[in-house]
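Under the numbering used here, think of the first position of the sequence shown as 30, with each following residue one higher.
Beta carbons are placed, not taken as given, at the ideal position from N, Cα and C, and that holds for glycine.
A short worksheet on the structure shown next.
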Amino acid sequence: MDGLAVAATALRQSRHIVVFTGAGISAESGIPTFRDQLTGLWSRHDPQRLETAKAFRANPALVWGWYLWRRQQMLQAQPNAAHHAIARLAVSGRQVTVITQNIDDLHERAGSQGVVHLHGSLMTPKCFACHRAAGLSSVEQSVSEEGELVEPPRCTHCNGRLRPGVVWFGEDLPTGAWKAAVQAARHCDVLLSIGTSGVVMPAASLPDLALASGAVVIHINPIDVGMDKSKEVMLIGDAGQVLPTLLERALAS
Ligand code: BV8
Ligand code: ZN
């Protein structure tokens with residue numbers, strides 16, 4: 030049986046599916062990924078310069094401006110066919126847990142509920158000093174181009190600088206989110222790993238955890254990211270094409 034048929038059969042027979050996504054699922058919505066050459070964010074700058082608390086301390090206006098730019102890109106983007114296919118999966122009578130490394134809200138806007146954000150979200154700024162959540166109204170500012178410096182707003186409680194509500198390198202993942210993700214990976218029948226290069230830990234350990242727990246892992250990516258383990262399927266292609274086709278095959282009665 031070809032990969033698509035194996036994957037469709039596994040999904041059809043599953044009771045609990047984990048959908049684990051990375052930046053690649055938002056690529057067809059026009060949001061740059063990290064590693065893709067040319068368009069990738071990390072091909073234009075060093076993540077350690079922008080995605081750490083140390084970077085924020087050193088240059089809050091640069092980091093805050095960059096996240097404002099990314100938030101604007103997200104608000105101008107629309108969920109794509111892959112996000113919508115995942116939302117449809119959740120109403121197919123199975124338990125579906127969506128776990129994402131992305132900080133955009135495209136899964137939610139496509140209708141997915143209870144999305145587990147391992148690395149936080151652009152929608153939840155908080156105070157760098159007292160960690161209190163700050164309402165979105167605090168993010169009225171806008172930027173006209175990437176790299177523009179914007180001084181972060183101040184916390185109404187302690188006057189500390191606001192920061193993006195994301196997980197930076199060297200920061201712990203939100204405990205509740207990580208626990209829920211490990212639990213789901215341990216107990217699912219199928220884990221769909223979509224649009225991730227599998228580099229950033231500990232998030233990237235989830236497919237291995239699912240495999241070790243006896244699940245089938247299906248990768249969807251234009252490049253082969255498979256680890257050649259048994260019960261692992263590699264579907265080469267764009268998520269916006271492959272996922273709707275796969276679900277059509279799997280859910281066709
Ligand atoms: C932590 C939020 C404990 C911010 C991000 C081992 C164990 C634990 C930690 C470490 C470890 N080894 C190293 C570490 C440290 C570090 C780490 O993993 N470093 C890496 C670089 C080696 N991890 C951490 O610091 C984590 N914290 O472990 O806490 C701790 C505490 C103190 C001290 C030490 C440890 C926190 C990491 C979180 C970082 N924050 N994001 C923001 O977004 O700005 S990471 C960010 O990068 C994303 O969230 C994501 O996780 C990662 C990017 O990966 P992808 O999503 O996969 O995107 P990428 O561009 O790489 O790939 C896109 C893929 O899509 C490609 O494969 C492409 O082919 C494909 N694609 C393209 N188009 C399509 C497509 N696929 C389908 N369809 C398409 N159309
Ligand atoms: Zn504060």
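Between the ligand ZN and the CB of ALA158, the shortest heavy atom gap is smaller than 6 Å. Between LEU220 and ALA244, the CB-CB gap stays under 7 Å. Residue environment analysis places VAL127 among the buried positions, since at least 16 neighbouring C-beta atoms fall within 10 angstroms of its C-beta. Close CB contacts of ALA158 within its chain, under the 6 Å cut and outside five residues either way in sequence, are with CYS187 and GLY189 (chain order).
Pairing ARG138 with ARG86, the inter-Cα distance amounts to about 32 Å. In the DSSP assignment, the residues bridged to ILE265 are ASN250. In this structure, the C-beta of GLY189 approaches the ligand ZN to less than 6 Å from one of its heavy atoms. Ranked by how close their Cα comes to the Cα of GLY164, the residues ASP201, LEU151, VAL172 and SER171 have LEU151 in first place. When DSSP states are grouped into helix, strand and coil, ILE223 belongs to the strand group. In the assembly as shown, HIS160 is an exposed residue. Its beta-carbon has fewer than 16 other beta-carbons within 10 Å. Cβ-Cβ distances below 7 Å link LEU178 to ALA90, LEU91 and GLY94 in the same chain, with the five nearest sequence neighbours on each side left out; the list follows chain order.
In the DSSP assignment, HIS45 falls within the unbroken beta strand (DSSP E) covering 45-50. If you ignore the 5 residues before and after ALA233, its C-beta comes within less than 6 Å of the C-beta of GLY227, all in its own chain and listed in chain order. Excluding residues up to 5 positions away in sequence, TRP98 lie with their Cβ nearer than 6 Å to the Cβ of GLU175 in the same chain. Put simply, the segment 200-217 does not touch the segment 102-109. Fewer than three CB pairs are less than 8 Å apart.
In the DSSP annotation of this structure, ILE132 is not part of any beta strand (DSSP E), being labelled neither H nor E. In this structure, ILE223 sits near THR50, with a CB-CB distance shorter than 7 Å. In the DSSP assignment, THR62 falls outside any alpha helix (DSSP H), carrying neither H nor E. SER121 sits close to LEU280, with the two beta carbons spaced by under 7 Å.
For ILE54, the closest of ARG278, ASP218, GLU277 and MET103 by C-alpha to C-alpha distance is MET103. Collapsing the DSSP output to three states places GLN42 in coil.
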